[in-house]
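Take a look at the structure below.
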Amino acid sequence: KFKKQQGLTSLQLSVLQSKSLTESSQEFVQEILELVNIREITMTGVVLGKGGWGEVKVADFCGLKVAAKCLYEIIISPHNIMKFSREMNIASKICHPNLLQFIGATTEGNPIILTELMPTSLRKELETGGLAYHAVLNISLDIACALNYLHLFKPHPILHRDISSANVLLQGTGFGWRAK
């Protein structure tokens, strides 16, 4: 575990000062446990993917290659920071073999979520020639197990809302593909 930063960062303060946020939203920002120092993160420049909210890049964190989800600077607003902070909070609390392992987050400057780095996605594998029948079954089961975990999460179920072949990440094992 990484040490929790003392006090609130400027990002957290700006979120808390926003009049449009409810008390429950403010609690999400304060509950983020795994805040890391931005100076411990080195971006490699390799972009793994881009979306409407930001991009995922390969980064180095304490000697470990990780995936770094970064919010686009142009869309940073108190409302979007609150939504990103909620994602940080949820990611820090979930733990399942078919979900990406949360490593840490930073709210210094541009917010970043760090997760384990996966070698490929379902989309890339389908585009490069498809998958064997047993691989499709294993991947489908992994996805179902992850969604079941999220939907039964206590005290509040979690809905993913962005399932796609690009968001199903794969890692090869001696027994075929494992999905997250």
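full-length UniProt numbering puts the first residue of the sequence shown at 1, with every later residue one more than the last. Every residue, glycine too, gets a C-beta built ideally from N, C-alpha and C. Treat the numbers as computed from the prediction; the structure is a model and nothing was measured.
Q.
Taking the beta carbon of Ile41 as the centre, do at least 16 other beta carbons fall within 10 Å, making it buried, or is it exposed?
A. buried
### Query
What do you reckon, are the CB atoms on Ile113 and Val66 nearer than 7 Å?
no
| request: Output the residue ranges of the beta strand (DSSP E) runs that lie fully inside the UniProt domain "Protein kinase" (42-180) and measure 3 residues or longer, sorted by chain position. | output: 54-61, 64-71, 102-106, 112-116, 169-173 and 176-179
Pop quiz: Ser165 and Leu117 are said to be a contact at Cβ under 8 Å. What is the actual Cβ separation, rounded to whole angstroms? Contact flag wrong, Cβ pair sits at about 19 Å.
Can you determine whether any heavy atom of the ligand ATP sits closer than 6 Å to the C-beta of Lys69, and answer yes or no?
The ligand ATP is not part of the structure shown, which contains no ligands of any sort.
| message | Please classify Thr106 as buried or exposed, where buried requires at least 16 neighbouring CB atoms within 10 angstroms. | response | buried
| message | Between Thr120, Leu64, Lys180 and Asn167, which has its C-alpha nearest Cys145's C-alpha? | response | Lys180
Under a Cβ-count criterion, where at least 16 other Cβ atoms within 10 Å of its own Cβ denotes burial, should Gly109 be classed as buried or exposed?
Counting Cβ neighbours within 10 Å, Gly109 comes out exposed, since fewer than 16 surround it.
Q. With C-beta atoms as the reference, is Thr120 less than 7 Å away from Leu64?
A. no
### Task
In angstroms with no decimal places, state the Cα-to-Cα distance between Pro111 and Ser140.
In this structure, the straight-line span from the alpha carbon of Pro111 to that of Ser140 is close to 32 Å.
Self-check item: Whole-number beta carbon distance between Thr44 and Val58, since they are thought to touch under 8 Å
Solution: 5 Å
Whose CA, out of Pro155, Asp60, Ile38 and Gly52, lies closest to the CA of Val46? Asp60
So, using beta-carbon positions, are Gly54 and Leu35 closer together than 7 Å? no
Status (buried if at least 16 other CB within 10 Å, exposed otherwise) for Ser85 = buried
Expressed to the nearest angstrom, what Euclidean distance is found between the alpha-carbon atoms of residue 188 and Ile74? With the chain running from 1 to 180 in the structure shown, residue 188 is simply not present.
Flag this pair as yes or no: are the beta carbons of Tyr133 and His96 separated by less than 7 Å? no
### Message
Can you find the residues in the same chain that come closer than 8 Å, C-beta to C-beta, to Ile143, ignoring five residues on each side of it along the sequence?
### Response
Asn98, Ile163, Val168 and Ala179
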